Amino acid sequence: MNSAYFDDLEKKFVQIEKKIIDPDVIKNKTEYKTCLQEHGFLLPRVQKYRELKRINRHIKELDELISGSAEEEMVSMAEQEKKEFLDRLSGVERALREFESKKNKGSSPGSIILEIRAGAGGEESALFASDLLRMYMRFTEKKGYKTEIISTHSTGLKGLKEVFVSVKGEDAWDNFKYESGTHRVQRVPVTESSGRIHTSTATVAVLPEVDDIHLSIKPEELRIDTFGASGHGGQHLQKTESAVRITHIPTGTVAQCQDDRSQLKNKEKAMRLLRARLYQEKKREQEEKITADRRQQIGGAKRAEKIRTYNFSQNRVTDHRLNHSEYNLTKILDGHIDNFIKLLKTHENDTGNAQ
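Using my numbering, you'd call the opening residue of the sequence shown number 281 and step up by one each time.
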């Protein structure tokens with residue numbers, strides 16, 4: 281563990297605490313919001329580091345007591361207390377090492393946009409996309425995250441061609457980033473009369489949801505088209521046409537939304553999608569300058585990569601990145617994906633330390 285790194289964080293934290301009570305900073309909404317975000321990032325790290333220093337002070341005092349006391353009972357009590365502090369110290373050091381492993385990745389976004397798309401397999405793929413949405417929604421309920429469906433495109437048999445969900449939670453990115461990639465299902469489709477097992481896929485992308493503080497988009501860089509919810513579109517047609525498509529002209533990135541009856545709300549949701557996509561692309565370009573391996577570790581894996589298989593006949597879910605299988609498919613589809621996430625975090629940290 282690098283003490284100098286956490287000493288620097290503590291100094292920065294003290295400065296930020298002064299800023300967030302400064303009237304001039306409070307008046308500047310942009311600066312104040314940035315300070316609050318930085319404070320939220322630093323707080324758990326500094327608290328844990330201060331706990332480490334307190335524990336080390338106690339251990340040092342107990343060592344002095346043990347070496348300087350002639351009373352056996354006093355020495356025995358001090359040794360027992362020291363053992364308890366050493367046990368606590370191990371957990372605190374582990375938490376700090378995990379914080380330190382993320383020091384080059386910046387603070388984790390508190391909100392993400394989850395994108396699920398049907399892949400190969402026709403209607404069965406759309407039904408599987410719906411199953412994945414249910415799994416993730418159950419997971420967010422257990423975690424206490426706030427969710428909002430931004431946009432959906434349904435199919436005839438209650439399947440989903442695509443869906444975009446906003447997920448807000450302090451560690452949402454840290455938990456969801458491992459879900460990016462191609463998910464494969466092996467089962468007998470409801471549309472299959474002969475009982476044959478089919479293989480279908482759905483893709484998942486996890487985008488950090490960002491605001492204008494992190495990303496500057498000029499109004500002149502945008503083309504905004506409005507159209508009827510079921511139409512092909514047209515630029516600035518009748519006001520009753522509430523669907524909105526926004527194109528970022530410099531990059532060609534497009535986002536659209538048509539779920540709401542309000543054109544204003546659809547525009548706001550489309551902008552959220554656009555910001556997330558532009559930010560993710562910006563991050564991807566930065567990561568490519570480092571290494572392709574690191575890009576995969578922090579959520580930039582290609583969506584064509586198969587990451588997990590759900591085999592219904594065997595009641596099995598296999599994560600191919602870990603080469604690890606669990607035989608409780610029903611429970612996992614009910615949102616219990618915590619163990620996979622825990623194993624993937626450990627794998628990421630071990631891989632990073634090995635490098």
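For glycine and all other residues, C-beta sits at the position ideal for the given N, C-alpha and C. Because the structure is a prediction, the values reported are computed rather than measured.
Best match in Ser391, Ala485, Phe620 and Ile526 for proximity to Glu500 [C-alpha to C-alpha] = Looking up residue 500 in the sequence shown gives position 220. Minimum Cα-Cα distance from Glu500 among the listed residues Ser391, Ala485, Phe620 and Ile526 corresponds to Ile526.
DSSP state of Ser252 mapped onto helix, strand, coil = Here the chain covers residues 281 to 635 and nothing more, so residue 252 does not appear.
Minimum C-alpha distance to His463 - residue among Ser410, Val355 and Lys313 | Translated into the one-based positions of the sequence shown, residue 463 becomes position 183. Minimum Cα distance to His463 is reached at Ser410.
Secondary structure of His319, DSSP reduced to three states | Against the sequence shown, residue 319 aligns to sequence position 39. Helix at His319.
Do Ile335 and Val372 have their C-beta atoms closer together than 9 Å?
-> Sequence index remark: in the sequence shown, residue 335 carries index 55 (1-based). Sequence index remark: in the sequence shown, residue 372 carries index 92 (1-based). Yes, Cβ-Cβ distance for Ile335 and Val372 is below 9 Å.
Where does Asn308 land, buried or exposed, given buried means 16+ other C-beta within 10 angstroms?
-> Walking along the sequence shown from the start, residue 308 turns up at place 28. Its Cβ having fewer than 16 others within 10 Å, Asn308 is exposed.
Cβ neighbours of Ala406 in the same chain (closer than 7 Å, five flanking residues each side left out) | Against the sequence shown, residue 406 aligns to sequence position 126. Closer than 7 Å at Cβ, skipping near neighbours: Ala398, Thr435, Gly439, Leu440 and Lys441.
Spatial neighbours of Ala224 in its chain, beta-carbon cut-off 8 Å, leaving aside the 5 residues before and after | Limits of the chain in this structure are 281 at one end and 635 at the other, which puts residue 224 out of reach.
If we count the other Cβ atoms within 10 Å of its Cβ and call it buried at 16 or more, is Ala350 buried or exposed?
-> Indexing the sequence shown from 1 puts residue 350 at position 70. Exposed, because fewer than 16 other Cβ atoms sit within 10 Å of the Cβ of Ala350.
Between the Cα of Ser496 and those of Asp505, His528, Asn608 and Gly508, spot the shortest distance and give me the residue it belongs to.
-> Sequence index remark: in the sequence shown, residue 496 carries index 216 (1-based). Residue His528 is the option with its Cα nearest to Ser496.
Asn455 - containing beta strand (DSSP E), residue span = In the sequence shown, residue 455 corresponds to position 175, counting from 1. Note, Asn455: premise wrong, no beta strand (DSSP E); alpha helix (DSSP H) at Ala452 to Phe456.
In three-state terms, what does DSSP make of Thr264?
-> The structure shown has nothing for residue 264, since the chain only spans 281 to 635.
Taking only the alpha-carbon atoms, compute the straight-line gap between Val294 and Tyr458 and give it to the nearest angstrom.
-> What you label residue 294 is simply residue 14 of the sequence shown in a count that begins at 1. What you label residue 458 is simply residue 178 of the sequence shown in a count that begins at 1. Distance between the alpha carbons of Val294 and Tyr458: 33 Å.
Spatial distance of His627 from Leu602 (CA atoms) | On the sequence shown, position 347 is the one that residue 627 refers to. On the sequence shown, position 322 is the one that residue 602 refers to. Here the alpha carbons of Leu602 and His627 stand approximately 8 Å from one another.
Going along the chain, which residues of its own chain have a beta-carbon closer than 8 Å to the beta-carbon of Glu297, five neighbours each way excluded?
-> Here residue 297 refers to the residue found at position 17 when the sequence shown is read from its first residue. Counting only Cβ-Cβ distances below 8 Å, and skipping sequence neighbours, we find His319.
Can you tell me where the alpha helix (DSSP H) with Lys299 in it begins and where it stops?
-> Working through the sequence shown from its first residue, we reach residue 299 at position 19. Run containing Lys299: Ser283 to Lys299, per the alpha helix (DSSP H) assignment.
Does DSSP put Asn591 in a helix, in a strand, or in coil?
-> Walking along the sequence shown from the start, residue 591 turns up at place 311. In the structure shown, Asn591 sits in a strand (DSSP, three-state: E or B).
Lys622 versus Asp454, Arg325, Val305 and Glu364, residue with shortest Cα-Cα distance = As a first step, residue 622 must be located in the sequence shown, where it is residue number 342. Nearest in C-alpha terms to Lys622, of all of Asp454, Arg325, Val305 and Glu364, is Asp454.
Alpha-carbon to alpha-carbon, Glu378 and Phe286 | In the sequence shown, residue 286 corresponds to position 6, counting from 1. In the sequence shown, residue 378 corresponds to position 98, counting from 1. Taking the straight line from one Cα to the other gives about 12 Å.
Residue interval of the beta strand (DSSP E) (run including Ser434) = By one-based count along the sequence shown, residue 434 stands at place 154. Unbroken beta strand (DSSP E) run through Ser434: Lys426 to Ser434.
Confirm, please, whether the CB-CB distance from Ile430 to Cys537 is below 9 Å.
-> Residue numbering aside, residue 537 sits at position 257 when the sequence shown is read from its first letter. Residue numbering aside, residue 430 sits at position 150 when the sequence shown is read from its first letter. Cβ atoms of Cys537 and Ile430: closer than 9 Å.
Could you tell me the distance, in whole angstroms, from the CA atom of Gly401 to the CA atom of Asp630?
-> Locating residue 401 in the sequence shown gives position 121, counting from the first residue. Locating residue 630 in the sequence shown gives position 350, counting from the first residue. Cα to Cα, the separation comes out at about 36 Å.
Apart from the five residues on each side of it in sequence, which residues of its chain come closer than 7 Å, Cβ to Cβ, to Ala452?
-> On the sequence shown, position 172 is the one that residue 452 refers to. If we look at Ala452 and ignore the five residues flanking it on each side, its Cβ neighbours are Gly390, Ser391, Ile392 and Tyr425.
Looking at the structure shown, is Thr531 part of a helix, part of a strand, or coil, going by DSSP?
-> The sequence position of residue 531 within the sequence shown is 251, counting from 1. In the three-state reduction of the DSSP assignment, Thr531 falls in the coil class.
Rounded to whole angstroms, what's the CA-CA distance from Gly449 to Ser356? Just pull it up for me.
-> On the sequence shown, residue 449 is found 169 positions in, with the first residue counted as 1. On the sequence shown, residue 356 is found 76 positions in, with the first residue counted as 1. Each residue's Cα considered, the two are about 46 Å apart.
Below 9 Å between beta carbons: does that hold for Ile612 and Met417?
-> Taking the sequence shown and counting its residues from 1, one reaches residue 612 at position 332. Taking the sequence shown and counting its residues from 1, one reaches residue 417 at position 137. It is not a contact, given that the beta carbons lie outside the stated cut-off.
Can you tell me whether DSSP reads Ser496 as helix, strand or coil?
-> Residue numbering aside, residue 496 sits at position 216 when the sequence shown is read from its first letter. The answer is coil: DSSP assigns Ser496 none of H, G, I, E or B.
Hey, could you find the ends of the alpha helix (DSSP H) Arg418 is sitting in?
-> One-based indexing of the sequence shown puts residue 418 at position 138. The continuous alpha helix (DSSP H) containing Arg418 extends over residues Gly402 to Lys423.
In angstroms, rounded to a whole number, what distance separates the CA positions of Glu565 and Val447?
-> Residue 565 sits at position 285 when you count from the first residue of the sequence shown. Residue 447 sits at position 167 when you count from the first residue of the sequence shown. Roughly 24 Å separates the two Cα atoms.
Where Asn546 falls, given that 16 or more other Cβ within 10 Å makes a residue buried = Here residue 546 is taken as the residue at index 266 of the sequence shown, counted from 1. Buried is the label assigned to Asn546, since at least 16 other Cβ atoms lie within 10 Å of its Cβ.
For the putative contact between Pro469 and His478, defined by C-beta atoms under 8 Å, what is the C-beta separation to the nearest angstrom?
-> For the purposes of this step, residue 469 is taken as the residue at position 189 of the sequence shown. For the purposes of this step, residue 478 is taken as the residue at position 198 of the sequence shown. Indeed, because the Cβ distance is near 5 Å, the residues count as touching under 8 Å.
First through last residue of the alpha helix (DSSP H) which encompasses Asp599 = The residue you call residue 599 lines up with position 319 of the sequence shown. No alpha helix (DSSP H) contains Asp599, which is instead part of the beta strand (DSSP E) from Arg596 to Asp599.
Please work out which residues of its chain come closer than 7 Å, Cβ to Cβ, to Leu517, disregarding the five sequence neighbours upstream and downstream, and give them in chain order.
-> In the sequence shown, the residue the question calls residue 517 occupies position 237. Unreliable placement is indicated for Leu517, whose pLDDT of 41 sits below 50; the coordinate value is still reported in the next sentence. Around Leu517: Thr506 and Phe507.
Which stretch, first to last residue, makes up the beta strand (DSSP E) that contains Ile396?
-> Translated into the one-based positions of the sequence shown, residue 396 becomes position 116. Ile396 -> beta strand (DSSP E) spans Ser391 to Ala398.
Could you give the residue range of the beta strand (DSSP E) that holds Asp505?
-> Taking the sequence shown and counting its residues from 1, one reaches residue 505 at position 225. Looking at the DSSP string, the run of the beta strand (DSSP E) that includes Asp505 is Leu502 to Phe507.
Alpha carbon to alpha carbon, how far is Val524 from Ala482?
-> Residue mapping note: residue 524 aligns to position 244 of the sequence shown, counting from 1. Residue mapping note: residue 482 aligns to position 202 of the sequence shown, counting from 1. Taking the CA atoms as reference points, Val524 sits about 25 Å from Ala482.
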